[in-house]
Each structure stands twice: as C-alpha cells, then as structure tokens.
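Enquirer: Got a structure for you, questions after.
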Amino acid sequence: MGLEQESPQHTERSTEKVSALAPSRSIWSGSITIGLVNVPVKLYSMVYDKGVSFHFLHKTDGQPIKYVKMCTKEDKIIPWNEVVRGYEIAKNEYIIFEKQELDVVRPESDKRIRISKFVDYFSVDPIYFDRTYALLPDKSKDAYSLLLNALQRTNKAGAGRITLRTKEYPALLHTYKGALVLTTLRYVYDVVDPQDFEALHKLVAPQKAELDLAVKIVSDLSGDFDITEFQDTYKQHIQELVNKKIKGEKITVEKPLEAEAKGLMVALRETLKQLEQK
Numbered sequence: 591m592g593l594e595q596e597s598p599q600h601t602e603r604s605t606e607k608v609s610a611l612a613p614s615r616s617i618w619s620g621s622i623t624i625g626l627v628n629v630p631v632k633l634y635s636m637v638y639d640k641g642v643s644f645h646f647l648h649k650t651d652g653q654p655i656k657y658v659k660m661c662t663k664e665d666k667i668i669p670w671n672e673v674v675r676g677y678e679i680a681k682n683e684y685i686i687f688e689k690q691e692l693d694v695v696r697p698e699s700d701k702r703i704r705i706s707k708f709v710d711y712f713s714v715d716p717i718y719f720d721r722t723y724a725l726l727p728d729k730s731k732d733a734y735s736l737l738l739n740a741l742q743r744t745n746k747a748g749a750g751r752i753t754l755r756t757k758e759y760p761a762l763l764h765t766y767k768g769a770l771v772l773t774t775l776r777y778v779y780d781v782v783d784p785q786d787f788e789a790l791h792k793l794v795a796p797q798k799a800e801l802d803l804a805v806k807i808v809s810d811l812s813g814d815f816d817i818t819e820f821q822d823t824y825k826q827h828i829q830e831l832v833n834k835k836i837k838g839e840k841i842t843v844e845k846p847l848e849a850e851a852k853g854l855m856v857a858l859r860e861t862l863k864q865l866e867q868k
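Right, dumping it as structure tokens:
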C-alpha cells in the first residue's frame, strides 16, 4: 500500500501562534495568467531568516564600519549616478549596459506569473525549492477565490515563471493554509548532481549486523515531523551572552570536551541501549 501524502493546504495545526509577523507592504504586484484568465495579485514576503545578526564595528572606538563603492583604478568613492552594470567577457574586460538597454529585454514575467501547466505538488523534488511568498488578492477577490478553490479541489499546483528584481525564476503556484502561495524554484543547472562526487562511487556495502542495528535505531527514533520541536540554540545562547554583557558579568570561555571516539559497532550498540532505557 502506498503512503498517503497530505496536500499542502491541509497542514495547519491547532497550536499557539509562533510564526513571523505578516508584512504590511508587498514586494511585487501583477497578475497570475492562465490562458486568457487574469488574477490580479500582490506578492508578500513569507519567509524570514531570524538568525543572529552582528554589525561590524571599528575595534578602537566601537563605531559601525561603512561600506562604500570604490573605483579600483582611481581609488575614490563613486556616486550612484556614475555606476553602471558591466558583463565580464574576459578578465578585467567588461561590456557596459545602461539600465534602459536591459529594460528592453526584461521578460514578460516581469508583471505576470504565467502558468503553463498544472502538476502534482509532490512530483516536484524539494531540492529545487528556493523561497516561498504569500499571494494576496488585488482588486479581484472573486478571481482569487475561484483559483484558490480550484487548486484545493484538484490538489494541483501551477508551474510557471516570475521575474523578481532582475532574475527570472521557475515557480510553483500552490495553496497553503487557505491562501495562494508562490515558491520560486532553482534551475536544474543550479543544482549539483551528488553522483558527480567521486566519493559516492567508492562506497562499500555495510555488514549485515551493522545494518540491522542501524535500521533498528531508525525505527525506534521514527515519529511525526513537528517543526516547533526545533529551536535556534545558537541564537538563544547569544541572547544569554548579551544579557550577561548588559549586566556587566564576565564571560568565561570554556573549551568543550571532545567526544570519545568509538568504533562503529560499539557506537551502534550503545545508541540502541540508550534508546531502550528511555
């Protein structure tokens, strides 16, 4: 019997809200086009990196370091109105483009999310997923609602393309928690095939006893995936250090103990023993 996979629009859990705050401003507006059908939408950021962020400061006075645009030939700061785009055709040899010249070749997807076909969401390898955005209705809520419900009923996703800033992306239009969302995709030539690594061609088959123990460990540790179980411990530790610094407490630097090296079979047996004791 095959595994039944839940479609993206049915993954909502009844837990307390821990997600990021919704942005108030859109980053793109245009239309989803399917044949002659147009669905006006606005695109909003939906994924944020909430990791630790540091500023670079001048050590002697604690002031921020400013990054400027320098001309490598004249060794002087260049104002924005003297900056142009250059395409390198040889080392230190460039073809210069004006903005107006590049605007001429901007793709049609600059203002449209052109859907070319509908696919099974789970047929897309997650390795190609890039970034996900929320799509909200713009002017026509009826068209938006119709498309949303059609995708929910058919469990399909729209494959197409969109241009954000100066780059055109393959994209997947799908549903998530009662909304239309768009996930940009990487091109096939942007992803390395792991079989191109020579080391994978030199793998040897494991011993049966080792494999049996490994399979038992995997089985004992199996369960449902819950993203809320994972916390950024590095961020938490940095916040603890910040609080100590604010209070004027001294930070004691302790070198972590190195884990004892164990043979593979010994490590497997001890891991299984620990699981059985829980």
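The working numbering puts the first residue of the sequence shown at 591, with every later residue one more than the last. Glycine included, every Cβ here is placed at the ideal spot set by N, Cα and C.
Going by alpha carbons, who is nearest to HIS645 out of ASN671, TYR657, ILE624, ASP810?
Expert: Among ASN671, TYR657, ILE624, ASP810, the Cα nearest to that of HIS645 belongs to TYR657.
Enquirer: Have a look at LEU862, VAL782, ASP786 and flag the residue whose alpha-carbon is nearest the alpha-carbon of TYR718.
Expert: When each option's Cα is compared against that of TYR718, the closest is VAL782.
Enquirer: From this set, ILE622, ALA769, VAL637, which residue's C-alpha is nearest PRO630's C-alpha?
Expert: Comparing Cα positions, the closest option is ILE622.
Enquirer: So ARG702 is in the beta strand (DSSP E); what residue range does that whole segment cover?
Expert: Unbroken beta strand (DSSP E) run through ARG702: 702-710.
Enquirer: For LEU865, which residues in the same chain have their Cβ closer than 8 Å to its Cβ, ignoring the five residues on either side in sequence?
Expert: Hits under 8 Å: ILE807, ASP810, LEU811.
Enquirer: Between LYS868, ILE655, PRO760, GLY620, which has its C-alpha nearest ASP720's C-alpha?
Expert: When each option's Cα is compared against that of ASP720, the closest is PRO760.
Enquirer: Can you tell me whether GLU844 is helix, strand or coil according to DSSP?
Expert: Looking at GLU844 - three-state DSSP - the assignment turns out to be coil, as it is neither helix nor strand.
Enquirer: Among residues of its own chain, excluding the 5 on either side of GLY620, which ones have a beta-carbon nearer than 6 Å to its beta-carbon?
Expert: These residues qualify, in order along the chain: LYS701, ARG702.
Enquirer: Mapping DSSP to helix, strand and coil, what is ALA747?
Expert: Reduced to three states, the DSSP call for ALA747 is strand.
Enquirer: Among the residues of its own chain, which have a CB less than 6 Å from the CB of ALA610, if the five just before and after it don't count?
Expert: For ALA610, where only same-chain residues beyond five positions count, the Cβ hits under 6 Å are TYR638.
Enquirer: Tell me the DSSP secondary structure of ASN671 in three-state form.
Expert: ASN671 falls in the helix class under three-state DSSP.
Enquirer: Can you tell me which of the three DSSP states LEU611 falls into?
Expert: Three-state DSSP puts LEU611 in coil, outside helix and strand.
Enquirer: Would you check if there are 3 or more beta carbon pairs closer than 8 Å linking the stretch 733-741 to the stretch 764-778?
Expert: With a cut-off of 8 Å, the stretch 764-778 and the stretch 733-741 count as touching, because enough Cβ pairs lie within range.
Enquirer: Mind reading off the beta-carbon distance from ALA747 to VAL709? Whole number of angstroms is fine, and I expect it under 8 Å.
Expert: Going by Cβ atoms, the distance from ALA747 to VAL709 rounds to 6 Å, so yes, they are a contact pair.
Enquirer: From this set, ALA857, PHE712, SER735, LEU633, which residue's C-alpha is nearest LEU725's C-alpha?
Expert: The option with the nearest alpha carbon to LEU725 is LEU633.
Enquirer: Please check the pair LEU770 and TYR734, which I expect to be a contact at CB under 8 Å, by giving their CB distance rounded to whole angstroms.
Expert: Contact holds; Cβ gap of about 7 Å.
Enquirer: At which residues does the beta strand (DSSP E) containing ASN833 begin and terminate?
Expert: Taken as a continuous stretch (DSSP letters only), ASN833 belongs to no beta strand (DSSP E), being part of the alpha helix (DSSP H) at 823-836.
Enquirer: Can you list, in chain order, the residues of its chain with a C-beta nearer than 7 Å to that of LYS834? Leave out the 5 residues immediately preceding and following it.
Expert: Closer than 7 Å at the Cβ level, and outside the excluded window around LYS834, lie ILE841.
Enquirer: Count the other CB atoms, across all protein chains shown, that sit within 10 Å of the CB of TRP618; report buried if there are 16 or more and exposed otherwise.
Expert: When all chains shown are included, TRP618 counts as buried.
Enquirer: Just to confirm the assignment, what range does the alpha helix (DSSP H) spanning ARG721 have?
Expert: From DSSP, ARG721 is part of no alpha helix (DSSP H) but of the beta strand (DSSP E) over 719-727.
Enquirer: Look up SER713 in the DSSP assignment and say whether it is helix, strand or coil.
Expert: In this structure, SER713 counts as helix in the three-state DSSP scheme.
Enquirer: If you draw a straight line from the C-alpha of GLU800 to the C-alpha of ILE655, how long is it?
Expert: Approximately 54 Å between the Cα atoms of the pair.
Enquirer: Which residues share a DSSP beta bridge with ILE624?
Expert: Answer by DSSP bridge pairing, in chain order: VAL627.
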